[in-house]
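So the protein lines, in turn, are chains A and B. Under the working numbering, the first residue of the first sequence carries the number 3, and numbering increases by one thereafter. Under the working numbering, the first residue of the second sequence carries the number 72, and numbering increases by one thereafter. See structure below.
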Amino acid sequence: MSIVPESVEFHVPGVPPAVLMIFITWAILFSLSLFVRARLAPVPRGINVFFELIFDFIFTFADTAIGKEAHKYYPLFIGIFLFVLTGNFLGLVPGFISPTANVSVTLGLALITFVYYHAQGFREHGLKYLLQFLGPRLPWYLFPINMLMLVIELVSHTARVISLSLRLFINIFAKEVLLGILASLLVGFFLGPTLIDKGLSLTILFLRPLIILLGVLVSFVQAFIFAALAIVYVAGAVTESH
Amino acid sequence: MIDINLSILAAQVVTFLIALFIIWKISWKPLTEMMSRRQEKIKNDIEAAQAQRQSAEELKKTYEKHLADARVEAHKLVALASEDAQRERQAILVHGRAEAEKIVGDARRELEQEKIRLVGELRRDVSMLAVEISEKMVRKSIDPAVQEQAFKEAMDSLDKQ
Chain A
3 MSIVPESVEF HVPGVPPAVL MIFITWAILF SLSLFVRARL APVPRGINVF FELIFDFIFT
63 FADTAIGKEA HKYYPLFIGI FLFVLTGNFL GLVPGFISPT ANVSVTLGLA LITFVYYHAQ
123 GFREHGLKYL LQFLGPRLPW YLFPINMLML VIELVSHTAR VISLSLRLFI NIFAKEVLLG
183 ILASLLVGFF LGPTLIDKGL SLTILFLRPL IILLGVLVSF VQAFIFAALA IVYVAGAVTE
243 SH
Chain B
72 MIDINLSILA AQVVTFLIAL FIIWKISWKP LTEMMSRRQE KIKNDIEAAQ AQRQSAEELK
132 KTYEKHLADA RVEAHKLVAL ASEDAQRERQ AILVHGRAEA EKIVGDARRE LEQEKIRLVG
192 ELRRDVSMLA VEISEKMVRK SIDPAVQEQA FKEAMDSLDK Q
């Protein structure tokens with residue numbers, strides 16, 4: 003992955019940067035999770051409070067959307083949210099790139115979500131799940147409308163994969179590009195021909211922290227949107243029946 | 072142009088599924104269970120607290136009822152005692168009045184007896200004095216029968232007085 007290289011970028015020969023960033027994201031999550039596991043206590047403290055806050059946030063949302071059975075799907079929801087959040091934040095650290103700034107990574111996540119919610123739909127309703135794609139039950143002579151609904155539903159479900167992956171990718175990619183450009187502009191301080199050029203390049207020092215703050219917000223919002231849509235899709239598959 | 076790298080996509084899918092499975096088993100599941108246990112405990116504690124509160128309220132109501140009953144009973148007892156005291160007072164008054172009347176009657180009777188005794192003594196002394204005076208006046212000239220008659224008459228006149 004080569005968006006706009008920052009001054010330092012991690013490279014391991016033979017491993018694409020996106021895959022390396024995926025590994026780093028999971029390594030961070032593993033380290034934090036093991037730390038949390040070691041400090042499990044009836045009364046949480048420190049980082050456990052933060053983790054429990056996130057878990058509770060996602061679980062509550064899932065409970066609201068799906069109902070009592072939501073706990074069966076918690077692993078995917080919390081996995082998506084924490085992976086996307088950590089991956090997004092990773093890009094804010096100089097020298098690292100968000101794995102989610104790669105469309106293949108976000109498409110992978112979207113495909114997992116797509117397969118998962120359909121699998122849960124079949125598991126919950128059996129083959130009757132397919133009837134959901136035909137729309138509401140109508141008299142036999144309105145069968146063409148059902149066929150039209152089928153086409154619309156197929157397009158809609160396919161679009162979900164595209165929209166899920168592209169939304170996250172574009173937002174994070176834009177953040178990465180902006181941060182990368184701002185970082186590279188700083189080089190103008192050393193290479194600028196005039197004093198004005200050098201001075202102007204210093205404005206980046208004030209602008210970049212603001213963009214990073216914006217990046218924090220975007221990272222959180224995009225992680226939540228991805229997880230929330232996954233929850234809504236699962237809810238639609240396992241609870242809804244036209 | 073957006074390029075989709077299938078090897079990265081495959082790596083992402085496989086890594087995500089394996090890592091999520093492992094991390095869920097070793098850390099996130101215990102954390103979720105701990106949260107559920109805590110939630111259950113809080114729920115149970117709240118229910119227990121509500122039950123205790125309800126029982127305390129029932130107990131309070133029972134105590135208040137007992138207190139009200141006791142108050143009514145106390146009022147009854149006070150009223151009864153007051154009536155008893157009134158009756159006792161009345162009885163004491165009646166008894167005292169009777170006692171006083173008896174004492175006054177006794178005193179009157181004693182006075183009457185004393186008066187009668189004194190009058191008798193006085194009569195005797197007066198008659199003796201009269202006889203002595205008469206004797207001195209008519210010394211030896213009067214017959215004893217006349218003397219006796221004069222004594223009687225004197226006595227009678229004294230009785231009439």
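We put the beta carbon where it would ideally sit given N, CA and C, even for glycine.
The Cβ-Cβ distance between residue 32 of chain A and residue 90 of chain B falls below 9 Å. At least 9 Å separates the CB of residue 94 of chain A from every CB of chain B.
Taking a Cβ-Cβ cut-off of 8 Å, the neighbours of residue 84 of chain B in chain A comprise 110, 113 and 114, given in sequence order. Per DSSP, residue 134 of chain A lies in no alpha helix (DSSP H) segment and is marked neither H nor E. When 7 Å is used as the limit between beta carbons, residue 38 of chain A is near these residues of chain B: 98 and 102, in chain order. Near chain B, meaning a CB-to-CB distance below 9 Å, the residues of the region 67–96 of chain A are 73, 76, 77, 78, 80, 81, 82, 84 and 85. When C-beta atoms of the region 134–150 of chain A are compared with those of the region 180–200 of chain A, fewer than three pairs fall below 8 Å, so the two segments do not count as touching. When DSSP reads this structure, residue 14 of chain A sits in a beta bridge with A/17. Residues of the region 126–160 of chain A with a C-beta atom less than 8 Å from some C-beta of chain B do not occur. The alpha-carbon of residue 59 of chain A is positioned some 46 Å away from that of residue 200 of chain A.
Secondary structure of residue 87 of chain B (DSSP, three-state): helix.
The beta carbon of residue 43 of chain A sits closer than 8 Å to the beta carbons of 50 from its chain, once the five residues preceding and following it are set aside; these are given in chain order. Of the candidates A/90, A/94 and A/76, A/76 places its Cα closest to the Cα of residue 232 of chain A.
Closer than 9 Å to the CB of residue 117 of chain B there is not a single CB belonging to chain A.
Taking all protein chains shown into account, residue 149 of chain A has fewer than 16 neighbouring C-beta atoms within 10 Å of its C-beta and is therefore exposed. Note that the C-beta distance between residue 20 of chain A and residue 104 of chain A is below 9 Å.
For the pair residue 70 of chain A and residue 210 of chain A, the Cα-to-Cα distance works out to about 45 Å. One finds 94 in chain B with Cβ atoms closer than 7 Å to the Cβ of residue 32 of chain A, taken in chain order.
For residue 106 of chain B against residue 57 of chain A, the beta-carbon gap comes to about 6 Å, under 8 Å, which counts as contact. In the DSSP assignment, residue 42 of chain A falls outside any alpha helix (DSSP H) and carries neither an H nor an E. Sixteen is the threshold: since fewer than 16 other Cβ atoms of the shown chains lie within 10 Å of the Cβ of residue 178 of chain B, the residue is exposed.
Exposed is the label assigned to residue 160 of chain B, since fewer than 16 other Cβ atoms lie within 10 Å of its Cβ. Under the criterion of beta carbons closer than 8 Å, residue 174 of chain A and residue 94 of chain A do not qualify as touching, at roughly 10 Å. Residue 112 of chain B has a beta carbon lying within less than 9 Å of a beta carbon in chain A.
Proximity of residue 106 of chain A to chain B, defined by a Cβ-Cβ separation below 9 Å, is satisfied. A contact is defined here as three or more CB-CB pairs under 8 Å, and the region 96–111 of chain A meets this definition with respect to the region 160–173 of chain A. For the C-beta of residue 54 of chain A, the chain B residues within less than 8 Å are, from N- to C-terminus, 102 and 106.
Taking all protein chains shown into account, residue 186 of chain B has fewer than 16 neighbouring C-beta atoms within 10 Å of its C-beta and is therefore exposed.
Between the C-alpha atoms of residue 225 of chain B and residue 181 of chain B there is a straight-line separation of about 28 Å. Every unbroken stretch of the alpha helix (DSSP H) spanning 4 or more residues and falling wholly within the region 93–130 of chain A is given here in chain order: 105–127.
Excluding sequence positions up to five before and after residue 202 of chain B, its CB lies within less than 7 Å of the CB of 222, all in the same chain and listed in chain order. Its chain contains 90 and 91 as the residues whose beta carbon lies nearer than 6 Å to that of residue 221 of chain A, once the 5 sequence neighbours on both sides are disregarded; these appear in chain order. According to the DSSP assignment, residue 48 of chain A belongs to no alpha helix (DSSP H), since it is labelled neither H nor E. Within chain A, no C-beta atom comes nearer than 8 Å to that of residue 148 of chain B; the closest sits roughly 56 Å away. Of the residues assessed, residue 142 of chain B falls on the exposed side of the cut-off, its CB having fewer than 16 other CB atoms within 10 angstroms.
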